[in-house]
Every structure is written in C-alpha cells, then in structure tokens.
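Throughout the sequence shown, residue numbering follows the working numbering, covering 1 to 194 in sequence.
Heads up, the beta-carbon is just placed ideally off N, CA and C, and yes, glycines get one too.
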Amino acid sequence: WQAAKMAGLSELPAIIKVADEQQKLELAIIENIQRQDLDSIEEAKSYRELINKFSLTQEEIAKKLGKSRSAVANKIRLLNLPIEIQKALTKGEITEGHARLLLAIPNPEKQRAFFEMIIKNKLTVRQTERKTKEILVQAHKRNVSIDPKIKRWEDEFSQALGTKVKIKKSGNGGRIIIDYYSDEEIDGILKRIA
Numbered sequence: 001w002q003a004a005k006m007a008g009l010s011e012l013p014a015i016i017k018v019a020d021e022q023q024k025l026e027l028a029i030i031e032n033i034q035r036q037d038l039d040s041i042e043e044a045k046s047y048r049e050l051i052n053k054f055s056l057t058q059e060e061i062a063k064k065l066g067k068s069r070s071a072v073a074n075k076i077r078l079l080n081l082p083i084e085i086q087k088a089l090t091k092g093e094i095t096e097g098h099a100r101l102l103l104a105i106p107n108p109e110k111q112r113a114f115f116e117m118i119i120k121n122k123l124t125v126r127q128t129e130r131k132t133k134e135i136l137v138q139a140h141k142r143n144v145s146i147d148p149k150i151k152r153w154e155d156e157f158s159q160a161l162g163t164k165v166k167i168k169k170s171g172n173g174g175r176i177i178i179d180y181y182s183d184e185e186i187d188g189i190l191k192r193i194a
C-alpha cells in the first residue's frame, strides 16, 4: 500500500489471504527472497531456512519461486564453501560463477588456496573454469596412479593417528604429510605417536 500511495494510486488491486503463523512466516521469507537486492549467500540461507523451518523440499521451494529445482540446489550448495569464500562472494570479490567452480574442488583447504589464486590473479570465470579442469585432471591422475602399497600405508597411518595421512614418494625416500584441523588434534596425534 505504501508503494501504491507513493506512485499516486488511490486504489490497489489486492488478493486477501487468510494465513496461519507458519504460512505468514513462509510468505515473508519467500517475499524476502524475491527482492532484487538479495545476494547469493543471503538467498541460499533463505532457502535453507525454508527447508529447516517448514520442511519444504527444494522442489517445493522452486515451484513457489518459479525457479528450477537445480537453481535452488545450486544456491544452497554455496553454503558448503568455507566462510571466507562466502564472505568474498557477498562482498562481490568473486562472482557466483567463480563460487560454483570452487565447489568442484572437493577439499576446503584446496578451495581456499584456489580462491586466493583467483583473487591474486584476477581470474575471469572462463579462466577459473579452465584452471578448475586442470586441477581436477591432475587430481584424477594422482588418484589413478597411487601405488597400492603406498595406499595401504596411508590407510594404516590414518587409522593409527585418527586423521588423514598422505605419503609422497620421491626416489628412494619421501614425505609423510599428516593433516590436522585444531591444536587439540595435534595433541591427540602426538599422544598416539609417543
């Protein structure tokens, strides 16, 4: 009504619906999503809120918004990115195209490293797409050519230490790389080794 008054209208065609509290909340969230100034992360969080609060499926959300289910699913997937990448998307430092390509990289640490490369080199989405393909091909080649003995050792180390372990062979020697995600995890690893 406020917008109609500002536009100089004295009458406004309207559909009046009786809604319970849940329907009102659902409508408010959907209305919020349809605003033009919502960024991708806010939109994704709104979809997730509809799923969590009202048990809506992606398909139901898509129908209510006139979007495809895959468009809704792709938005929600953006929430799987590390927080700093989500913030960069919100600030406009990267585009949604960049963000979707980062999702193709399975490891959050590698996503962060690739994100830094995108920012540092000011990569376009097209350049990012080419680089993503290169990274995935290299990762596939590494996975295919793993020596079964090395894989067995990695699995045994991982089991014993309770974290991911990689073995990089180089000539007669090599390196053992132990992943950790917190100071407490390092303490736990050290106790297992000692």
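Whole-Å CB distance - TYR180 paired with ILE189, under 8 Å assumed: Against the sequence shown, residue 180 aligns to sequence position 180. Against the sequence shown, residue 189 aligns to sequence position 189. At roughly 6 Å, the Cβ-Cβ gap stays under 8 Å, so TYR180 and ILE189 are in contact.
Please give the ranges of any beta strand (DSSP E) in the region 54-113, keeping only runs that are unbroken, at least 3 residues long and fully inside the region. Restricting attention to beta strand (DSSP E) runs no shorter than 3 residues, the region 54-113 encloses none.
When you compare each of ALA14, LEU38, LEU81, LYS141 to PRO106 by their alpha carbons, which one comes out closest? Walking along the sequence shown from the start, residue 106 turns up at place 106. When the alpha-carbon of PRO106 is set against those of ALA14, LEU38, LEU81, LYS141, the nearest one is in LEU81.
Decide if the region 115-126 is in contact with the region 138-157; the criterion is three or more beta carbon pairs, one per stretch, under 8 Å apart. No contact exists between the region 115-126 and the region 138-157.
Beta-carbon proximity check, ARG77 vs LEU103, cutoff 9 Å: Position 77 of the sequence shown, counted from the start, is the residue given in the question as residue 77. Position 103 of the sequence shown, counted from the start, is the residue given in the question as residue 103. Yes. Within cutoff.
Taking 8 Å as the cut-off, does the region 8-18 touch the region 65-76 (at least 3 CB pairs, one atom from each stretch)? Contact between the region 65-76 and the region 8-18 is absent: fewer than three C-beta pairs spanning the two stretches fall below 8 Å.
Can you name the start and end residues of the beta strand (DSSP E) that GLY188 belongs to? Against the sequence shown, residue 188 aligns to sequence position 188. Secondary structure note for GLY188: it is in no beta strand (DSSP E), and the uninterrupted alpha helix (DSSP H) holding it is 183-193.
Return yes when the Cβ of ILE41 is within less than 9 Å of the Cβ of LEU65, no when it is not. Taking the sequence shown and counting its residues from 1, one reaches residue 65 at position 65. Taking the sequence shown and counting its residues from 1, one reaches residue 41 at position 41. It is not a contact, given that the beta carbons lie outside the stated cut-off.
Can ILE135 and LYS169 be called in contact, C-beta distance under 9 Å? Here residue 135 refers to the residue found at position 135 of the sequence shown. Here residue 169 refers to the residue found at position 169 of the sequence shown. At a Cβ-Cβ threshold of 9 Å, ILE135 and LYS169 do not count as neighbours.
Minimum length 4: unbroken alpha helix (DSSP H) runs contained in the region 127-161: Whole alpha helix (DSSP H) segments, 4+ residues: 148-161.
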